[in-house]
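K.L.:
Heads up, the sequence shown is in our numbering, so the first residue is 85 and it goes up one at a time.
By construction, the Cβ of each residue, glycine as well, lies at the ideal position given by its N, Cα and C atoms.
What follows is a single structure, and I will ask about it in a moment.
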Amino acid sequence: MEKKLIDNRKEEIIDACEKLYKEVGFKNVNIKLIGDNISCSRTSIYNYFETKEEIFLALVEREYIKWNNDLLKIYERDTKTSIGEFIDLIVSSLSKRKILLKLISMNMYEMEENSSYENVKNYKMAYTESVNLFKKCLIKLLNYNDDKATEIVFTFFPFMIGIYPYSAVTEKQKKALNELNFKYNYYNIEELIKMGLYNILGGK
């Protein structure tokens, strides 16, 4: 089968997975449901993916690749960048990746555990590229040395895992917090990323 056709089929499967994830959530998506939403047969999915988790992992990989494209544009800027401008650029790029933030906060262990080594490796390549590009941006645009940039990267990337759960509070969660008289500040994704980066970068 031609590589272009293979790539197109894989993209169609990942597209269907993304659409269904938004509609019914991770738990309710399965191979049969994905098969009902693509032009080829359900059994043909197994030519490309062995499990639904592999499809989701490919979706996360694709989201990281899209973010990498934005990070590369930020890195290639020629103008001097202040911390505030840098934070705004990261907020703008990452706030478009809501589905990435949701998946890495909720389902990464299950996706990796139920995927082949090759698929995990492909995902890790995209993730590693994100880490490296983010670090290169810190060094080039904000003049951090290698050690400080590494420290920031490995503070911010774990922080990313908590962005979605803290910005997407459900009505059930709100009711429970209200009944406990717990004062909770509700922030959206953009606000949380900005606050986190300001604190991680020293609040300058």
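Is there at least one non-hydrogen atom of the ligand FMN closer than 7 Å to the beta-carbon of Y130?
P.N.:
What this structure holds is no ligand at all, so the ligand FMN is not there to describe.
K.L.:
So what's I273 in DSSP terms, helix, strand or just coil?
P.N.:
Along the sequence shown, read from residue 1 onward, the residue named residue 273 stands at position 189. Correct three-state label for I273: helix.
K.L.:
Is it a yes or a no for the region 129-143 touching the region 189-201, going by three-plus beta-carbon pairs under 8 Å?
P.N.:
The region 129-143 is in contact with the region 189-201.
K.L.:
Beta-carbon separation of I245 and I188 under 8 Å?
P.N.:
On the sequence shown, position 161 is the one that residue 245 refers to. On the sequence shown, position 104 is the one that residue 188 refers to. Yes, the Cβ-Cβ distance between I245 and I188 is below 8 Å.
K.L.:
Buried or exposed, going by whether 16 or more other CB atoms sit within 10 Å of the CB of G168?
P.N.:
As a working mapping, residue 168 is identified with position 84 in the sequence shown. Answer is exposed; the Cβ neighbour count stays below 16.
K.L.:
Specify whether the region 161-178 and the region 118-125 touch according to this definition: at least 3 beta carbon pairs, one from each stretch, less than 8 Å apart.
P.N.:
The answer is no - the region 118-125 does not touch the region 161-178, with fewer than three Cβ pairs under 8 Å.
K.L.:
Do you know how far the Cα of Y132 is from the Cα of N283?
P.N.:
Taking the sequence shown and counting its residues from 1, one reaches residue 283 at position 199. Taking the sequence shown and counting its residues from 1, one reaches residue 132 at position 48. Between N283 and Y132, the C-alpha separation is close to 42 Å.
K.L.:
Could you check what DSSP says for K186 in three-state terms: helix, strand or coil?
P.N.:
On the sequence shown, position 102 is the one that residue 186 refers to. Helix, per DSSP.
K.L.:
Would you kindly check if the distance between the Cβ of I277 and the Cβ of K49 is under 8 Å?
P.N.:
Outside the displayed range of the chain (85 to 288) lies residue 49, so it cannot be described from this structure.
K.L.:
Determine the extent of the alpha helix (DSSP H) in which R161 is found, giving its start and end residues.
P.N.:
Here residue 161 is taken as the residue at index 77 of the sequence shown, counted from 1. Looking at the DSSP string, R161 is not in any alpha helix (DSSP H), and its letter there is neither H nor E.
K.L.:
Give me the residue from R93, L264 and R146 with the minimum Cα distance to T127.
P.N.:
To locate residue 127, count along the sequence shown from 1; it is residue 43. Measuring from the Cα of T127, the nearest candidate turns out to be R93.
K.L.:
Considering only C-alpha positions, which residue in the set E96, E147 and K164 is nearest to N227?
P.N.:
Taking the first residue of the sequence shown as 1, we reach residue 227 at position 143. The shortest Cα separation from N227 among E96, E147 and K164 belongs to K164.
K.L.:
Enumerate in chain order the residues of its own chain whose CB-to-CB distance from N152 is below 8 Å, with the five nearest sequence positions on each side excluded.
P.N.:
Here residue 152 corresponds to residue number 68 of the sequence shown, with the count starting at 1. The answer, listed in chain order, is A210, E213, S214 and L217.
K.L.:
With a CB to CB cut of under 8 Å and the five nearest residues on each side skipped, what residues in its chain are close to L155?
P.N.:
Here residue 155 corresponds to residue number 71 of the sequence shown, with the count starting at 1. Excluding positions up to five away in sequence, the list reads S177, S214, L217, F218 and C221.
K.L.:
Using a 10 Å radius around the Cβ and a threshold of 16 neighbouring Cβ atoms, would you call E107 buried or exposed?
P.N.:
Against the sequence shown, residue 107 aligns to sequence position 23. Answer is exposed; the Cβ neighbour count stays below 16.
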